[in-house]
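Numbering-wise (this note's numbering), the sequence shown opens with residue 10 and increments by one.
Note that beta-carbon positions come from the ideal geometry of N, C-alpha and C, so glycine has one too.
This structure is a prediction, so every number in the text was calculated from the model and none was measured.
Before any comments, here is the structure.
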Amino acid sequence: MASARRFGAGCVAAVLLAVAAGCATSASTVRIRERSVRVPVRDVHLTAVLFTPETPPAEGARRPAIVLMHGCGGLYTSRGELTARHRDWSERFASWGFVTLILDSFTARGFGSICDLKERPAHPWNVRTGDAYAALDYLVNRPDVDPAHVFVLGWSHGGSTVTGVVRPEALGRQPGGPRFRAAIAFYPGCARPLRERGYRSTMPLLILQGGADDLAPAAPCVELGERLKNNRFPVTVVIYPGAHHDFDYPGLRFHYLPNIYNPAAPGERGGHAGVDEPSRLKAIDETRRFVDANLAR
């Protein structure tokens, strides 16, 4: 993992985003400020990238916010740049008016991608849920953030982290402390929450999953949603038929990963990933409707 980070404090960019609305798209240019920050978590300071709309909120107003949690591959490319998916979603949320914090759980702990490891460090429930709540603490102490409207979203390993964040006994969740408004998990592993006796969510949870995903199969998440349908906060599961892992990753060609750890595969290795553009656009629309509904609560 390269140590250089290709962003600067106070950097402002004009961002052109195609925002999906069903099958139609409309483009809008939003000026976004991007800078690196540090988030203290127990005995380590994690790095993060903060995206905010350049235009300040109205006097006395505060913005919604979101914490983004990367997958097992980490936050950056080999050149030290945010991956296309992380940048796309970070800028998209900022264009929607969110203070957006995308957190790096790996670099400060001394590792990059962990996708090929069977015994993975920074466990989603035992470590990274604490990271998410530390990021929440950071955001609610900002004067421009509405502490009642902070969301969390994660992909894959980060999506599995989200399934831990929503639990009442989540690491880092303090009695009387700040709470996330709602949560979104892209292609998480749902086997763990299914095994957990009494598993429930303390907030609305949206799971977006590819129907053909052979790294994080959809069936356990469908079962989880059915199990929790009578919970105070039901789990909403949306399946995109034919889509694989990383279906929302813009420009990522469909490919086979021979070395990735996959307990469901022969020899516990291998799986497929790649963008599915129709599913990506639908997921953008689904995410926007979900956050809008929960902003209105």
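For residue i, the first and last residue of its enclosing beta strand (DSSP E)
i: Trp164; result: Val154 to Trp164
i: Leu261; result: Taken as a continuous stretch (DSSP letters only), Leu261 belongs to no beta strand (DSSP E), as it is neither H nor E.
i: Ala191; result: Ala191 to Phe195
i: His281; result: Arg278 to Ala282
Beta-carbon gap between residue i and residue j smaller than 7 Å
i: Gly280; j: Asn271; result: yes
i: Tyr258; j: Asp222; result: no
i: Arg209; j: Asn240; result: yes
i: Phe256; j: Asp285; result: yes
i: Val46; j: Ala144; result: no
i: Pro133; j: Ser165; result: no
i: Gly260; j: Ala93; result: yes
i: Val247; j: Pro187; result: no
i: Gly106; j: Arg72; result: yes
i: Ala57; j: Leu91; result: no
i: Ala292; j: Leu237; result: no
i: Val39; j: Val108; result: no
i: Glu128; j: Ile41; result: no
i: His317; j: Gly167; result: No information on residue 317 is available, as it lies outside the stretch 10 to 306 that the chain covers here.
i: Pro156; j: Thr211; result: no
i: Pro229; j: Ala200; result: yes
When the options are compared against residue i, the one with the closest alpha-carbon
i: His158; options: Leu126, Cys81, Asp285 and Ala74; result: Ala74
i: Pro213; options: Pro243, Leu224, Glu205 and Lys238; result: Pro243
i: Pro287; options: Tyr249, Asp301 and Ala302; result: Tyr249
i: Asp52; options: Ser87, Asp155 and Ser114; result: Ser114
i: His54; options: Tyr85, Ala228, Arg306 and Tyr147; result: Tyr147
i: Ala302; options: Ala252, Pro275, Leu215 and Ala274; result: Leu215
i: His253; options: Lys238, Ala227 and Ala274; result: Ala227
i: Arg298; options: Arg44, Phe102 and Ala273; result: Phe102
i: Thr245; options: Leu290, Arg176, Arg289 and Thr296; result: Thr296
i: Val175; options: Pro202, Pro152 and Gly185; result: Pro202
i: Leu290; options: Cys81, Val50 and Asp97; result: Asp97
i: Leu84; options: Gly251, Leu304, Ala117 and Gly69; result: Ala117
i: Gly198; options: Pro177, Thr172 and Arg206; result: Thr172
i: Val76; options: Arg88, Glu68, Leu59 and His264; result: Leu59
i: Phe120; options: Gly82, Pro152 and Leu224; result: Gly82
i: Gly69; options: Pro152, Arg88 and Ala200; result: Pro152
i: Ser104; options: Ser87, Glu43, Arg88 and Leu112; result: Glu43
i: Glu277; options: Ala200, Val50 and Leu224; result: Leu224
i: Val50; options: Ala305, Pro275 and Ala131; result: Ala131
Limits of the unbroken alpha helix (DSSP H) element including residue i
i: Ala67; result: Careful: Ala67 lies outside any alpha helix (DSSP H) and carries neither H nor E.
i: Gly139; result: Thr138 to Val149
i: Gly234; result: Ala227 to Arg236
i: Asp301; result: Glu286 to Leu304
i: Asp97; result: Ala93 to Ser104
i: Arg241; result: Counting along the chain, Arg241 falls outside any alpha helix (DSSP H), and DSSP gives it neither H nor E.
i: Pro202; result: Ala200 to Arg204
Paired residues, beta bridge with residue i - DSSP
i: Pro56; result: The residue you asked about is not Pro; residue 56 is Thr in the sequence shown. DSSP output for Thr56 lists Arg47 as bridge partner(s).
i: Met78; result: Leu112 and Gly163
i: Ile216; result: Ala194 and Val246
i: Arg176; result: None, per the DSSP bridge assignment.
i: Tyr85; result: Leu91
i: Tyr270; result: Arg278
i: His253; result: For His253, which the question treats as bridged, DSSP gives no partner whatsoever.
i: Arg72; result: Val154
i: Pro4; result: Since the first residue shown for the chain is 10 and the last is 306, residue 4 is missing from the structure and cannot be characterised.
Open item on the list: Under 8 Å, with one C-beta from each stretch per pair, do the stretch 62-70 and the stretch 232-240 reach the 3-pair mark?
Closed with: No, they do not touch.
Open item on the list: Does the stretch 166-184 come into contact with the stretch 125-144, if we say contact requires no fewer than three beta-carbon pairs (one atom in each stretch) closer than 8 Å?
Closed with: Of all C-beta pairs linking the stretch 166-184 to the stretch 125-144, three or more are shorter than 8 Å, placing the two stretches in contact.
- [ ] Assess, as a yes-or-no matter, whether the stretch 183-193 is touched by the stretch 158-167 under the definition of 3 or more beta carbon pairs within less than 8 Å.
- [x] Yes, they touch.
- [ ] Take every Cβ of the stretch 264-278, pair it with every Cβ of the stretch 121-134, and state whether three or more of those distances are shorter than 8 Å.
- [x] Because the criterion of three Cβ pairs below 8 Å is met, the stretch 264-278 and the stretch 121-134 touch.
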